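Residue 181 in our numbering is what sits at position 124 of the sequence shown, and the numbering runs on without skipping anything.
Following: one structure in structure tokens, then a few remarks.
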Amino acid sequence: MTIPKTAGIIIIGGGVMGASTAYHLAARGQHNILILEKEDFFGTGATGRCAGGVRYQFGTEINIRLSIESLPMLERFKEEIGQAVDYRKIGYLFLLTHQEEVTVFKRNVELQNRLGAQTEWLSGDEIRKRLPMMCLNDVIAGSYNPKDGLVDPNSVVMGYIGAAQRLGCKAFCSIPVTGIQIQSGRVVGVETSNQSISAPIVVDATGPWAGLTSQLAGIHVPVIPIRRQWLTTTALPDLSPDFPFVIDFAQSLYFHPEGLGLLTGMSNPLEVPGFDQTIDLDWELVHMGA
Numbered sequence: 058m059t060i061p062k063t064a065g066i067i068i069i070g071g072g073v074m075g076a077s078t079a080y081h082l083a084a085r086g087q088h089n090i091l092i093l094e095k096e097d098f099f100g101t102g103a104t105g106r107c108a109g110g111v112r113y114q115f116g117t118e119i120n121i122r123l124s125i126e127s128l129p130m131l132e133r134f135k136e137e138i139g140q141a142v143d144y145r146k147i148g149y150l151f152l153l154t155h156q157e158e159v160t161v162f163k164r165n166v167e168l169q170n171r172l173g174a175q176t177e178w179l180s181g182d183e184i185r186k187r188l189p190m191m192c193l194n195d196v197i198a199g200s201y202n203p204k205d206g207l208v209d210p211n212s213v214v215m216g217y218i219g220a221a222q223r224l225g226c227k228a229f230c231s232i233p234v235t236g237i238q239i240q241s242g243r244v245v246g247v248e249t250s251n252q253s254i255s256a257p258i259v260v261d262a263t264g265p266w267a268g269l270t271s272q273l274a275g276i277h278v279p280v281i282p283i284r285r286q287w288l289t290t291t292a293l294p295d296l297s298p299d300f301p302f303v304i305d306f307a308q309s310l311y312f313h314p315e316g317l318g319l320l321t322g323m324s325n326p327l328e329v330p331g332f333d334q335t336i337d338l339d340w341e342l343v344h345m346g347a
């Protein structure tokens with residue numbers, strides 16, 4: 058397929074945000090949409106490296122409302138888009154070990170329920186009954202929403218890419234955008250490693266790289282990339298089939314079912330912002346003893 062020299066809308070980035078944007082614009086009647094992805098495959102940036110969690114449990118109204126609008130899309134994704142995404146409603150369970158966290162999360166749960174998210178508030182004893190295999194003596198309380206869960210990020214991306222293409226969108230990999238053309242204060246196109254492409258609208262959907270991309274247009278977008286690392290375990294035969302996505306909020310430690318084992322990760326408070334994507338073999342997950 059030949060890369061066009063003009064487009065109505067250029068979307069920079071072929072991850073979940075770029076793919077979703079392309080599909081929904083095309084579904085609403087927009088034409089001549091072009092996706093440009095710098096990697097060799099769609100969804101291999103931040104999207105392909107995420108833990109797959111989706112949730113209603115947020116602390117701001119805008120995020121909760123966005124979840125209320127978007128998570129039902131995952132429920133009907135196969136029907137609407139034609140792609141199974143393995144949406145598993147295992148629930149998010151936040152574990153709280155400090156009273157100040159309890160105060161904040163109680164307020165969050167009240168907001169979530171007021172907006173229709175239907176989150177449960179659990180005492181420490183109720184949580185220990187749900188997870189008897191874990192040592193949770195320091196847990197005071199927690200919040201749980203049974204509709205939170207997991208999806209397969211790659212399936213979501215490829216589903217949206219395919220659906221957008223069926224509606225006439227053109228999508229290309231291995232095409233890094235190297236510049237954004239500006240005339241009289243307006244965007245008029247982009248420069249790639251191969252050619253110039255004119256377009257009156259350019260969408261920055263480059264995730265952690267969005268700040269760098271916006272600089273090509275002389276705009277400062279305060280996106281600060283932080284490396285995170287996670288690992289997966291071998292099979293855990295005693296793992297319950299309804300084991301939730303668990304987050305120890307104070308430690309930023311999380312784990313959820315992945316295959317027959319667990320995927321687990323933890324934020325490094327000493328991580329320096331940047332684009333380092335190597336594996337730090339000296340960084341250890343702590344307090345993991347059973």
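Glycine is no exception: its CB is placed at the ideal position from the N, C-alpha and C atoms.
Values in this document were obtained by computation on a predicted structure and should not be read as measured data.
Terminal residues of the alpha helix (DSSP H) in which residue i lies
i: residue 243; result: From DSSP, residue 243 is part of no alpha helix (DSSP H) but of the beta strand (DSSP E) over 243-249.
i: residue 66; result: No alpha helix (DSSP H) holds residue 66; the beta strand (DSSP E) holding it covers 66-69.
C-alpha distance - residue i paired with residue j, whole-angstrom precision
i: residue 329; j: residue 283; result: 7 Å
i: residue 110; j: residue 143; result: 12 Å
i: residue 146; j: residue 207; result: 7 Å
i: residue 324; j: residue 101; result: 21 Å
i: residue 94; j: residue 267; result: 13 Å
i: residue 264; j: residue 298; result: 33 Å
i: residue 87; j: residue 224; result: 9 Å
i: residue 113; j: residue 228; result: 31 Å
i: residue 80; j: residue 138; result: 9 Å
i: residue 141; j: residue 337; result: 34 Å
i: residue 167; j: residue 150; result: 16 Å
i: residue 135; j: residue 240; result: 42 Å
i: residue 347; j: residue 115; result: With a pLDDT of only 44 at residue 347, under the threshold of 50, the placement of this residue in the model should not be trusted; the figure read from the coordinates follows. Whole-angstrom Cα-Cα distance: 29 Å.
i: residue 148; j: residue 304; result: 11 Å
Buried versus exposed call for residue i [16 or more other C-beta atoms within 10 Å across all chains shown]
i: residue 97; result: exposed
i: residue 262; result: buried
i: residue 175; result: exposed
i: residue 345; result: Residue placement at residue 345 is poorly supported in this model, since its pLDDT is 48, which falls under 50; the coordinates are not used for a value here.
i: residue 334; result: exposed
i: residue 71; result: buried
Sequence-distant residues of the same chain with beta carbon closer than 6 Å to residue i, five excluded per side
i: residue 67; result: 91, 247, 256, 259
i: residue 319; result: 290, 312
i: residue 119; result: none
i: residue 89; result: 64, 65
i: residue 300; result: 314
i: residue 234; result: 69, 93, 247, 249
Residues of its chain near residue i, where Cβ-Cβ distance is below 7 Å and the 5 sequence neighbours each way are ignored
i: residue 158; result: 306, 307
i: residue 210; result: 73, 100, 104, 105, 107, 109
i: residue 83; result: 90, 221, 224, 225, 226
Own chain residues within Cβ distance below 8 Å of residue i, not counting five before or after
i: residue 322; result: 108, 285, 286, 287, 288, 310, 311, 312, 342
i: residue 172; result: 118, 121, 122, 125
i: residue 238; result: 244, 245, 246, 247, 248, 253, 255
i: residue 181; result: 193, 196, 197, 198, 199
i: residue 275; result: 239
i: residue 62; result: 252, 253, 254, 255
i: residue 133; result: none
Residue span of the beta strand (DSSP E) that contains residue i, given as start and end
i: residue 239; result: 234-240
i: residue 303; result: 302-305
i: residue 179; result: 177-180
i: residue 321; result: 318-323
Take every Cβ of the segment 240-257, pair it with every Cβ of the segment 283-292, and state whether three or more of those distances are shorter than 8 Å.
no
For the 8 Å Cβ check, are there 3 or more pairs between the segment 193-203 and the segment 176-185?
yes
Does the count of Cβ pairs from the segment 185-197 and the segment 122-138 closer than 8 Å reach three?
no
So, does the segment 218-228 touch the segment 73-84, judging by three or more C-beta pairs under 8 Å?
yes
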